[in-house]
Amino acid sequence: MSDTQKMVKVYVMGEAYMVPEGSTIVGAFEYAGFQLKRGVGCREGFCGACATVYREKGDYKLKGGLGCQTVVTDEMYIAQIPFVPADKPIYDMDEITPDAGTFMNLYPSVFRCVSCNTCTKACPQDIQVMDYIQAIIKGDIAEAANLSFDCIRCGLCALRCPAEIVQFNAAILAQRLYGKYIAPKSPELEVRANEIIEGKYVKELEELATMEKQKLVDKYYNREIKIS
Amino acid sequence: MKENIKIPYFPGCTLKTKAKNFEVSAIEASKMIGIELTEIPKWNCCGVVSSLSTDDLMKHIAPVRNLIRVQEMNDSGQANGNRLLTLCSMCFNSMKRTNQRVKNKPEDMKSINDFMYLEKDYLGGVEVIHYFELLDEEILGRIKEKSVKSLKDLKIAPYYGCMLLRPKDIGIDNPEEPSVMENLISSLGGKPVKWDAKSRCCGSYHTVNNKDIVINLAKGIIENARKSGADTIITSCPLCAFNLDNRQKEIIKKDHGFRTMPVFYFSQLMAVAFGLKEEFIGLDGNYIDPKPLLKEKKLI
Ligand code: SF4
Ligand code: SF4
Ligand code: SF4
Ligand code: SF4
Ligand code: FES
Chain A
1238 MSDTQKMVKV YVMGEAYMVP EGSTIVGAFE YAGFQLKRGV GCREGFCGAC ATVYREKGDY
1298 KLKGGLGCQT VVTDEMYIAQ IPFVPADKPI YDMDEITPDA GTFMNLYPSV FRCVSCNTCT
1358 KACPQDIQVM DYIQAIIKGD IAEAANLSFD CIRCGLCALR CPAEIVQFNA AILAQRLYGK
1418 YIAPKSPELE VRANEIIEGK YVKELEELAT MEKQKLVDKY YNREIKIS
Chain B
14 MKENIKIPYF PGCTLKTKAK NFEVSAIEAS KMIGIELTEI PKWNCCGVVS SLSTDDLMKH
74 IAPVRNLIRV QEMNDSGQAN GNRLLTLCSM CFNSMKRTNQ RVKNKPEDMK SINDFMYLEK
134 DYLGGVEVIH YFELLDEEIL GRIKEKSVKS LKDLKIAPYY GCMLLRPKDI GIDNPEEPSV
194 MENLISSLGG KPVKWDAKSR CCGSYHTVNN KDIVINLAKG IIENARKSGA DTIITSCPLC
254 AFNLDNRQKE IIKKDHGFRT MPVFYFSQLM AVAFGLKEEF IGLDGNYIDP KPLLKEKKLI
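From first to last, the protein sequence lines are chains A and B.
Numbering of the first sequence is given in the numbering used here, commencing with residue 1238 and proceeding in unit increments.
Numbering of the second sequence is given in the numbering used here, commencing with residue 14 and proceeding in unit increments.
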């Protein structure tokens, strides 16, 4: 880091630290000397492990974001949320049906939604969270699955919900129901699943599992990405 | 003759789940008499019974959001007249009450508008109406004209319940002697039954935690209808329908001598009288099978 690096002040759990301007929240934590054992994963905005709440200078709003994607601002107050306690009932996909009644049994809290839209405002993925909860209430499971498709289970919506709904787990259920009962069946999927069951990838997987770290890193970054 | 009516319509969640037969019959029967119900975009659950306590503003956000949808439809020319129609009596009651509350209490309107800063402010211009309020002389005349199957042998008990009539300043009709459902029945060619229990409470949400209360009340209501000569009861509320129709299952268990009675949504009988296809009448959604009665009266 050069001497001219501009620094900004952030408050981590209330205590002030100087960190390089342009750092992400996760970067700022680490620069300040914290070792993150929970609350960080992919660092790419995909895993949803790094839910963070913060307040910016001069703004009354409590905002939420992904720590690995949100850049710090001067005088920002930050608190990391390593884990969001959430209700997660057990169910058997063969014994439930894709309708509102299933949610009435498994996630009755969904029906307490007061349409305040706080969840949507909290979502770092810009998902219309309230709308997918409302779709569930209306029994439109396909709509709920589609609207919630980009959810990465960061949990920020559930943290802010005044009706104590666990939106992201209800969303998984909607997506599972959609996949099993509503989405058109793909014949290719079955072929591929059978190949996997028959062990087509076992050898390759073993190779990867025993590969030296640097080789694995090179292989990952040089991988072929097919965009069809 | 008046022009056709095109009106923003709030279905409510029950009409999308448990009471699909109510919605399909109402939409299809309405088409026959020149009423087009346009579902409002992105509506949310009305919240059922909004809280009556003064410090519970949160419960009024949902209805106001729906009213904003109607306001937007009017602003963009998708609708005119600033009215919002409901079929479900419960939705009607909770949305009209919220509307009245925020109109009468500007400070509550402001709190809700401030909270929903991503939405345009609600200005209080929308009027919430129930389907029955469309039934003026003109529309009743159209109903008479389209009734190709006469319900003349069908004695129908109109059940108002509470949500259409109470409290008084919300109600759509005289709370003691309402007549709008009777007028509808007569226009369909049917016989409205005079009975005592037409606005007696069905037990409402006690059906969830205190089933027995509802079983007793429903039994009393149905027996009163029977005694007054009715073949069937009609309603405009999915909760009343559940309590009066589905709860007959428990009534029979308790009282083997009990004679069951089919319960219809009013719109189902409109669809019957207009001679619509069975899929538009939705008889499979009724708990007590109404087909034997309709066959006996030569209506299907
Ligand atoms: S829906 Fe909830 S859990 Fe999913 S990404 Fe948005 S805030 Fe996170
Ligand atoms: S935060 Fe909760 S109550 Fe508010 S809209 Fe979202 S799910 Fe509904
Ligand atoms: S009556 Fe009930 S179910 Fe229907 S919209 Fe209102 S709250 Fe939702
Ligand atoms: S808005 Fe906040 S302060 Fe007001 S009642 Fe709700 S939680 Fe309490
Ligand atoms: S660490 Fe995975 S999304 Fe931030």
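All residues carry an ideal CB built from backbone N, CA and C; glycine is no exception.
No experiment lies behind these values; they were computed from the predicted model shown.
Examine chain A for any beta-carbon lying closer than 7 Å to the beta-carbon of T30(B), and answer yes or no. yes
So, is the C-beta of C59(B) closer than 7 Å to a C-beta in chain A? In terms of beta-carbon proximity, C59(B) stays away from the interface with chain A, with every pair separated by 7 Å or more.
Give, in chain order, every residue of the region 289 to 311 of chain B whose Cβ lies closer than 8 Å to some Cβ of chain A. none
Out of curiosity, what's the CA-to-CA distance linking G1478(A) and Q1242(A)? This structure gives no information on residue 1478(A), because the portion of chain A shown stretches from 1238 to 1465.
Can you name the start and end residues of the beta strand (DSSP E) that P21(B) belongs to? 18 to 23
Alpha-carbon spacing of T1289(A) relative to I1318(A), whole angstroms: 5 Å
Using a Cβ-based criterion (distance less than 6 Å to any ligand heavy atom), does S1346(A) qualify as near ligand 2? no
Considering Cα atoms alone, identify which of M1313(A), K1358(A), A1400(A), G1295(A) is closest to S1346(A). A1400(A)
Beta-carbon spacing of I183(B), K232(B) below 7 Å: By the CB criterion at 7 Å, I183(B) and K232(B) fall outside the cutoff.
For the beta strand (DSSP E) holding R1275(A), just list the boundary residues, first then last. Counting along the chain, R1275(A) falls outside any beta strand (DSSP E), and DSSP gives it neither H nor E.
How long is the line joining the alpha carbons of I46(B) and P119(B), rounded to whole angstroms? I46(B) and P119(B): Cα-Cα distance of roughly 39 Å.
If we call anything under 7 Å between Cβ atoms a contact, is A238(B) one with I226(B)? no
When the Cα of I40(B) is compared with those of P54(B), C58(B), I20(B), which residue comes out closest? The candidate whose alpha carbon is nearest that of I40(B) is I20(B).
Using a cut-off of 7 Å between C-beta atoms, extract the partners of A75(B) located in chain A. V1351, S1352
Residues of its chain near L307(B), where Cβ-Cβ distance is below 7 Å and the 5 sequence neighbours each way are ignored: V285, I313
Endpoints, alpha helix (DSSP H) assigned at M194(B): Judged by DSSP secondary structure, M194(B) falls within the alpha helix (DSSP H) whose first and last residues are 193 to 200.
Cross-chain neighbours of T71(B) in chain A, by beta carbon under 7 Å: Here residue 71(B) is Met; the residue named in the question, Thr, does not match the sequence. Among the residues of chain A, those whose CB is under 7 Å from the CB of M71(B) are V1351, C1353, P1399, following chain order.
Which of helix, strand or coil DSSP assigns to V83(B): Residue state, collapsed to three classes: helix.
Assuming the contact rule is C-beta atoms closer than 8 Å, Q1365(A) and L1393(A) should be a hit. Round their C-beta distance to whole Å, please. At roughly 14 Å, the Cβ-Cβ gap does not stay under 8 Å, so Q1365(A) and L1393(A) are not in contact.
Going by other Cβ atoms of all chains shown within 10 Å of its Cβ, with 16 needed for buried, is S89(B) buried or exposed? exposed
Between the C-alpha atoms of R1390(A) and A1420(A), what's the straight-line distance to the nearest angstrom? Spanning the two alpha carbons is a distance of roughly 22 Å.
Just to confirm the assignment, what range does the beta strand (DSSP E) spanning K165(B) have? Here K165(B) belongs to no beta strand (DSSP E), and DSSP marks it neither H nor E.
Can you pull every residue whose C-beta falls closer than 7 Å to some heavy atom of ligand 5, listed in chain order? V1263(A), V1277(A), G1278(A), C1279(A), R1280(A), E1281(A), G1282(A), F1283(A), C1284(A), G1285(A), A1286(A), C1287(A), L1303(A), G1304(A), C1305(A), Q1306(A), I1389(A)
Between the region 120 to 137 of chain B and chain A, which residues of the former have CB atoms less than 9 Å from a CB of the latter, in chain order? Hits within the stretch, in order: F128, M129, L131, E132.
Identified DSSP bridge partners for T99(B): The secondary-structure analysis by DSSP pairs T99(B) across a beta bridge with F23(B), H143(B).
Is there a Cβ of chain B sitting closer than 7 Å to that of K1375(A), yes or no? yes
For V1351(A), I'd like the list of residues in its chain whose CB is within less than 8 Å of its CB, leaving aside the five on either flank, ordered along the chain. P1399, A1400
Shortest alpha-carbon distance to V221(B) belongs to which of K109(B), P191(B), N256(B), C101(B)? N256(B)
Should A1337(A) be flagged as near chain B, meaning a C-beta pair shorter than 7 Å? yes
Start-to-end residues for the beta strand (DSSP E) that takes in K1300(A): 1300 to 1303
Taking all protein chains shown into account, decide if K1247(A) is buried (16 or more other Cβ within 10 angstroms of its Cβ) or exposed. In the sequence under discussion, the amino acid at residue 1247(A) is Val, which differs from the Lys named in the question. Classification of V1247(A): buried, given that the 10 Å Cβ count is 16 or more.
Identify every run of the alpha helix (DSSP H) within the region 1290 to 1346 of chain A, keeping only runs that are complete inside it and at least 4 residues long; order them along the chain. 1337 to 1343
Quick one: Cα of M1313(A) to Cα of Y1291(A), how far? 7 Å
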